[in-house]
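Participant:
Number of protein chains: 10
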Amino acid sequence: MKRAELTEKILDVKREKDLSWKAIAEEIGGYSQIFITTALLGNMPLPKPQAEKAAALFGLSASETKMLSEIPMRAEETQMPPQDPTLYRFYEAMLVFGPALKETLHEEFGDGIMSAIDFVLSMDRKEDPAGDRVVITMNGKFLPYKYHEPRDGAQASGAHPR
Amino acid sequence: MKRAELTEKILDVKREKDLSWKAIAEEIGGYSQIFITTALLGNMPLPKPQAEKAAALFGLSASETKMLSEIPMRAEETQMPPQDPTLYRFYEAMLVFGPALKETLHEEFGDGIMSAIDFVLSMDRKEDPAGDRVVITMNGKFLPYKYHEPRDGAQASGAHPR
Amino acid sequence: MKRAELTEKILDVKREKDLSWKAIAEEIGGYSQIFITTALLGNMPLPKPQAEKAAALFGLSASETKMLSEIPMRAEETQMPPQDPTLYRFYEAMLVFGPALKETLHEEFGDGIMSAIDFVLSMDRKEDPAGDRVVITMNGKFLPYKYHEPRDGAQASGAHPR
Amino acid sequence: MKRAELTEKILDVKREKDLSWKAIAEEIGGYSQIFITTALLGNMPLPKPQAEKAAALFGLSASETKMLSEIPMRAEETQMPPQDPTLYRFYEAMLVFGPALKETLHEEFGDGIMSAIDFVLSMDRKEDPAGDRVVITMNGKFLPYKYHEPRDGAQASGAHPR
Amino acid sequence: MKRAELTEKILDVKREKDLSWKAIAEEIGGYSQIFITTALLGNMPLPKPQAEKAAALFGLSASETKMLSEIPMRAEETQMPPQDPTLYRFYEAMLVFGPALKETLHEEFGDGIMSAIDFVLSMDRKEDPAGDRVVITMNGKFLPYKYHEPRDGAQASGAHPR
Amino acid sequence: MKRAELTEKILDVKREKDLSWKAIAEEIGGYSQIFITTALLGNMPLPKPQAEKAAALFGLSASETKMLSEIPMRAEETQMPPQDPTLYRFYEAMLVFGPALKETLHEEFGDGIMSAIDFVLSMDRKEDPAGDRVVITMNGKFLPYKYHEPRDGAQASGAHPR
Amino acid sequence: MKRAELTEKILDVKREKDLSWKAIAEEIGGYSQIFITTALLGNMPLPKPQAEKAAALFGLSASETKMLSEIPMRAEETQMPPQDPTLYRFYEAMLVFGPALKETLHEEFGDGIMSAIDFVLSMDRKEDPAGDRVVITMNGKFLPYKYHEPRDGAQASGAHPR
Amino acid sequence: MKRAELTEKILDVKREKDLSWKAIAEEIGGYSQIFITTALLGNMPLPKPQAEKAAALFGLSASETKMLSEIPMRAEETQMPPQDPTLYRFYEAMLVFGPALKETLHEEFGDGIMSAIDFVLSMDRKEDPAGDRVVITMNGKFLPYKYHEPRDGAQASGAHPR
Amino acid sequence: MKRAELTEKILDVKREKDLSWKAIAEEIGGYSQIFITTALLGNMPLPKPQAEKAAALFGLSASETKMLSEIPMRAEETQMPPQDPTLYRFYEAMLVFGPALKETLHEEFGDGIMSAIDFVLSMDRKEDPAGDRVVITMNGKFLPYKYHEPRDGAQASGAHPR
Amino acid sequence: MKRAELTEKILDVKREKDLSWKAIAEEIGGYSQIFITTALLGNMPLPKPQAEKAAALFGLSASETKMLSEIPMRAEETQMPPQDPTLYRFYEAMLVFGPALKETLHEEFGDGIMSAIDFVLSMDRKEDPAGDRVVITMNGKFLPYKYHEPRDGAQASGAHPR
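Heads up: the sequence lines are chains U, X, D, Y, E, R, B, W, V and H, in that order.
Mapping of the first sequence onto this note's numbering: residues 24 to 185, in sequence order.
Mapping of the second sequence onto this note's numbering: residues 24 to 185, in sequence order.
Mapping of the third sequence onto this note's numbering: residues 24 to 185, in sequence order.
Mapping of the fourth sequence onto this note's numbering: residues 24 to 185, in sequence order.
Mapping of the fifth sequence onto this note's numbering: residues 24 to 185, in sequence order.
Mapping of the sixth sequence onto this note's numbering: residues 24 to 185, in sequence order.
Mapping of the seventh sequence onto this note's numbering: residues 24 to 185, in sequence order.
Mapping of the eighth sequence onto this note's numbering: residues 24 to 185, in sequence order.
Mapping of the ninth sequence onto this note's numbering: residues 24 to 185, in sequence order.
Mapping of the tenth sequence onto this note's numbering: residues 24 to 185, in sequence order.
#1: Quick check: what's the CA-CA separation for W/I57 versus H/L29?
#2: Would you verify that the beta carbon of E/S138 is, or is not, closer than 8 Å to some beta carbon of chain Y?
#3: Tell me whether the beta-carbon of U/R112 lies closer than 8 Å to the beta-carbon of U/G65.
#4: Taking only runs of the alpha helix (DSSP H) that begin and end inside the region 32-87 of chain B, which ones reach a length of at least 4 residues, in chain order?
#5: Whose C-beta lies closer than 7 Å to the C-beta of U/L128 among residues of the same chain, with five residues either side of it excluded?
#6: Considering only the alpha carbon of each residue, which of X/L118, X/I159, X/W44 and X/K164 lies closest to X/I140?
#7: Less than 8 Å between CB atoms is the rule here; does B/P152 satisfy it with respect to chain W?
#8: Check the Cβ-Cβ distances between X/Q106 and every residue of chain V, and say whether any is below 8 Å.
#9: Report all residues from its chain with a CB closer than 7 Å to the CB of X/M67; omit the five preceding and five following residues, and keep chain order.
#10: Throw me the rounded Cβ distance for the E/A98 and R/V119 pair, which I believe falls under 8 Å.
#11: Could you give the DSSP three-state label for Y/A153: helix, strand or coil?
#12: Nearest to W/E100 by CA position, among V/G121, V/K32, V/V36 and V/L63, is which residue?
#13: Suppose the cutoff is 8 Å on Cβ atoms and the five residues either side in sequence are ignored; what does the same chain contact list for V/S92 look like?
#14: Mind pulling the chain W residues with CB within less than 8 Å of X/D35?
#15: When burial is assigned at 16 or more other CB atoms within 10 Å of the CB, is R/D134 buried or exposed?
#16: Quick check: R/M161 and E/L124, are their CB atoms within less than 8 Å of each other?
#17: Please state the DSSP three-state secondary structure of Y/A98.
#18: State the Cα-Cα distance for the pair D/Y114 and R/P108, rounded to the nearest angstrom.
#19: Tell me the DSSP bridge mates of E/F188?
#20: In or out: E/P167 buried (at least 16 other Cβ within 10 Å) or exposed?
#21: For Y/S84, count the other beta carbons within 10 Å of its own beta carbon; 16 or more makes it buried, fewer makes it exposed. Which is it?
#22: Which of helix, strand or coil does DSSP assign to D/M103?
#23: State the Cα-Cα distance for the pair E/L42 and E/M90, rounded to the nearest angstrom.
#24: Identify the continuous alpha helix (DSSP H) that holds R/P122 and give its terminal residues.
#25: Does the Cβ-Cβ distance between Y/S86 and E/P173 come in under 8 Å?
#26: I think U/A77 touches U/I51, with their Cβ atoms under 8 Å apart; what is that distance to the nearest whole Å?
#27: Where R/E31 and B/E130 are concerned, what is the direct C-alpha to C-alpha distance, given to the nearest angstrom?
#28: Kindly list the residues whose CB is nearer than 7 Å to the CB of W/G82, restricted to its own chain and excluding five residues on each side of it in sequence; keep chain order.
#29: Expressed to the nearest angstrom, what Euclidean distance is found between the alpha-carbon atoms of Y/Y170 and R/A116?
#30: So what's B/M24 in DSSP terms, helix, strand or just coil?
#31: Distance check for H/Q102 and E/L80, CA to CA, integer angstroms please.
#32: Compute the Euclidean distance between the alpha carbons of D/K149 and Y/R38, then round it to the nearest angstrom.
#33: Is the CB-CB distance between D/F132 and Y/V158 below 8 Å?
#34: Check each candidate in R/M24, R/G154, R/D155 and R/A153 and name the one with the smallest Cα separation from R/T88.
If you want it as structure tokens, here you go:
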């Protein structure tokens, strides 16, 4: 069984039972809707208690339930960049603003990155008479680049693991 | 003169005068630091009053000043995906969470996209004893997909522009 | 079930019943032929009343009918650029005239884009003794780029969401 | 001298003289603004009378003037797909609607293509209280595919040129 | 049913019945062997009378027969460039001689292209004591590029469709 | 000196002296216009007597003249596929008809290729009241694939060079 | 039936019957082991007498046997470059030594290529106390490039087929 | 000034002064040789005290010295995968062992990654009578994936930033 | 049977029997866990005694057991670079440090490579109060590049195999 | 100075002095012509005594001479696959015969590769009345894959460096 086949089955049941992601997330509980959706689509593992609730909801076999909790090969079949317009806009924002984000991040925090692992992401709706707005918040720990210190007594060139 | 050459000149002056982006943005004024940095790096035009301030700051010629206000060919030489680790993380977050963002957006707002044009983006620092965090907020207007209505009396197949 | 499999089924029934897209669009109604064709080929969702008519026409199951109304992953398996000559010409026109369209758009409307979301498209036949002509009209709302204004009291660099 | 260098010079003079494409097109005359812009950007040759007017306007040498009238290597350094958002939308519209355009074209005209050579393209502004709209019209001659007829007395397999 | 599956079936029957393309083309009749082979391989539609003869020859169902006459998505799964040595040579000839063909075409005919739509192609055997030669003749209508003329009274920039 | 720089110089002189390829080929003599053009554009070496005539015509230095006779790195900077419409059509014809050409070639000649080395190519104009036609003839020696015969007394697996 | 499926079947039987390529080549006979292996893997046709022996060995149907003798679409699904380390080394050797081979070939033989069609290839084991060596010998006919001679009386530019 | 030009200058001085990386690293001091080499090649910033020592060693201007301390666009012009055989082997090891490393990492540490930012790397020589060995040690902090917890009172779907 | 299908089956049984790679490696024995995992995932052959133990553990047929010991087409379907974040970090480390590793390797060992064939790789956990660390050790034999010596009496250009 | 610029200079002098690679290799001496040509083209370092002879022959500066002996970034700007027909044939031979070479190598030598590092390559001319033949011999040491043995007392999964 491939993880993509399990996703296809989940989407089939979701369609047949006329479930929303919101209802699914409430039923499974414990994590945000974005996280649970990401997991059911195959880019995050679902912790066991949640996987069991998902199994009940989607009628999964024991093996399928277990697969839901396995750490997946993330983004395995994803196009880069994606051609779907909704997805593409997220990348386009980074094409345009990414270089300035890098400069700003370095000036404010120093050399390093915003972690995409110790990272949470939320989406909110902001009402606006000129048209409601989508607000996506990316919140990642700043990770400073480690600079290698010299290694005493090392014969060859090399960095010193602390 | 190519826009990339002007960026190179601006970065040379920034280095020689030991300027920070923050100081540059305050000096130029009128727009956020992210916007001004994006413009100086060549992905946004700088409005004329700001371009004149930038000209004074960076010692630009009249022609260079004018180029700063031209609408640029955005992201022209940008790698997709980028190999710089700081930039790559922004794209990786979208590889992992993009599909769930799409599902959530559609469930909450219906069929459409978060605009990357009527769009503002900010970066903040959030202090945290476990390590400060980078918070990036993307705020774009929701744009619903327009579905074509039939065109009366049209001979051929086609959609009706309202 | 994958959306591509549903498209294949629809094309099989269309072939067996000897239906034209024009007849299909008239039967389903409510939207232009281009829109309905796009939806049946998997790049637009079909609104529910239309999906029910499509279900009757193509003999679809309840689940298939529901899938027709789901917001799809658009252009998922499309080649860029396409190798089919009919499709390639549309892209070639943009290769040749795209840069001038960008300059003209900016000079006439300012900085921004022609929306591909608030967008309708039609195709007409124009009779011509030297050979009839295909006329494709793209009609999209102009969306001006939003420039970030400064955020008062903001500690870090950033743009201000209105 | 490369054609791209000539384009760069033209854009430099345009900037220094503060010319609009509209003014340039009126000064050069004889062809639409889209055509003249396309030619000055290097994707079309400029007919000689127009090239001479362009030479006067931009201060070109005899050799540069002549190059303006040479048939260029079109779209030579163009990215496919482009990353500039304004350009990208033109391609995205084709990603979403291209397959339906192909079906509609074939049903209405038969097997063939919309020529991108015997082709004119215009852009108009359509006022709209909800936001003005960009209207792009592509108008190309329908070219039917030629099917080979058998060749009498031909020894090998082959098609018969009429 | 996908067009590629129909091609696979046709090749299976051709193998089982020990048919040559020459015999197939004679049996189906009406068009050159190159055209009929191209159609059976999925890059051209087969006109109905020919499709019926093909159906009898290959034992096709009504739906398969109809599919043979549908205008296909041409070259959909073709590699560019191909890795098969026989196919690669055709592309290599264009890599080496293409630029000179373009120059020669423009000098002889003016600005335009050799149509690949109003186009016939034949292959012949030319006996030669030093080794027989393959002669491929490409015969396409010259299509002159259309240059946009100005549009009277047009408000926006644009080209005039005749 | 790079070969591309020499091509650029030759095109500059051609432009300044207002030469046609036809006149150049007649002046240089000895080979077809297609061959001489291909050589001057950098995809073929020009034999020494012709290189000397070219040197006189274009005012080349001794070193440049010698470079003209060197066997070049062919098609070094050529795009595959090309985006210029005139060039693209040559490749498109092969996308559509290549598979049938391969089948026909094998049925008529057996396993092998049409050589692109022992190969000549010509372009002719064919007058036609419906529009003149471009006729390109590719003429290459058929090269049969060599099948390895066993090697007597060979220890390892392997083919026997005759 | 696809050729790749036949290869998969052959490899299944080879595994079940515990056959070596050496034993297979001896059983089938008439050609070198490299050739027979290449044919069974789908990159060469197997001559009929050999195909019949292969059919007996692998238990093939009449149609499968025939397919073994068909001229295949060579290297159809091969990665370029390959990621398997054993295969990659062959390409890497060409990356490093290819340019010098080209120079040496041209200096020794003149303008032309080493044919990959009139070509045999062998692999031998060379014992060496420092570790046995793999010796691969590529033996291809030198093919001189043909330079076009002028065509008398030809109106248009063109090369003369001899 | 581009960072790549500074690297070229540093390599020119290194060559002229006949310096080894080991001697350079000892002269500059404070960090491992791998780190200093990485910084001088443009993939790490050199802290200021070290940049000043580098400036003295390589005869850099004040602006060049400052650039050495700027956080660079890392790996900007690097090929992926590289074609240099020494570099390629590092990637090949990951092609072969990467999947098992992922499985092992997850089983031992749970869901997460080995950081490439809080990361040190060393190279050592290990003497071996059968041929000395290169030992590369990658040492990165394990970063566990953060799973989003639900956000109280949040209206829309979303993850809760802690 | 394809190797990827066997991997899928092994992962299915591993899931159903709730096995860890550690337990699997202990049960199969004789080789490191990394090696056994690599082999079961299809990038290394499993020696026969181990393959038999694996067969018992996973319930494999004789043919599947044999396939486990076959030398595979390594990394056949692997993305380069991978999009899974855990895998990507390994490549990113090489993007950043690869050039310095090459310089250091050459300075310490001379011209050559770290073998990826005579190569072992281990992963260890290093406890650290600031967060445990992943330590990956790559250990490969240094292979010096062989420089060709002249070949006596050789007529043509060439290198002398010792 | 870039290595490519030095190659360009060497080729300029070679052209001006009318030198053959054979004469250059004899003058420089000590290594095969293939090796010396590869080094002068930038894919191998030239040992110092040979670099000094090359310096005298080509009139190189001290710094250029030193660069000739530096270990280069091999194949840095090489196309993969190459479009030059002479180079392409070497890759095509591997596309067709590579899979069988892999099978034969493994059956004869076991699991491993033919080294491309401990590797020599020669080219010879073989006279043949039917046309002389190019014979390229690749001679590389067989390198067996190392299989990891278990590591005693190791806590984590891992392979044991011997």
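The C-beta atom is built at its ideal place from N, Cα and C for all residues, glycine as well.
Predicted, not measured: the structure shown is a model, and the values here were computed from it.
Facilitator: Result, derived from the coordinates:
#1: 28 Å
#2: yes
#3: no
#4: 44-51, 56-63 and 71-81
#5: M137
#6: X/K164
#7: no
#8: yes
#9: F58 and T61
#10: 6 Å
#11: coil
#12: V/G121
#13: P68, L69, P70, K71 and A74
#14: M24 and S86
#15: buried
#16: no
#17: coil
#18: 11 Å
#19: Nothing can be reported for residue 188 of chain E, as the shown portion of chain E is limited to 24 through 185.
#20: exposed
#21: exposed
#22: coil
#23: 22 Å
#24: P108 to F132
#25: no
#26: 6 Å
#27: 27 Å
#28: V36
#29: 13 Å
#30: coil
#31: 47 Å
#32: 40 Å
#33: no
#34: R/M24
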